[in-house]
Amino acid sequence: MTKSFLADTCQTTTRLASTNDATQTTPDRESVKVVIYGSKKGVNNTILTLYKLGFAQVNEWSPLLPSSNPGEVMSILTR
C-alpha cells in the first residue's frame, strides 16, 4: 500500500483526543484495544505512522506477538 491515502483522508483541523487525555483514566471511560496484524515491517511502519499522526506513543504498543497465521505478527494498544 502507498501512504498517499493518509494525506487525503486526514484533513481534520481539530484533534479528537490528545495523548494526555488518552492516558488519563476516569471511571466513566471504557477501555478499548487497537490491534494491528501484518508482517513485522508492516506493523512497525503502521505504529510509526500512527505516532507521527499523534495517535499513540511507540512505547504504548505491545511488543510484536506471533499471530495465528504463519509469518504474521500483531501488536496491541490498550486505551
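One point on numbering: in the UniProt record's numbering, the residue at position 62 of the sequence shown is 62, and numbering is uninterrupted. Cβ coordinates follow ideal geometry from the N, Cα and C atoms, glycine included.
Between the CA atoms of Thr78 and Val32 - distance to the nearest angstrom: 6 Å
Buried or exposed by the 16-neighbour rule on C-beta atoms within 10 Å, applied to Val58: exposed
Cβ pair Val34, Val73 closer than 7 Å: no
Classification of Ile76 by the beta-carbon crowding that lies within 10 angstroms, buried from 16 upward: exposed
Supposed contact pair Lys40 and Leu64 - C-beta distance, whole angstroms, cut 8 Å: 6 Å
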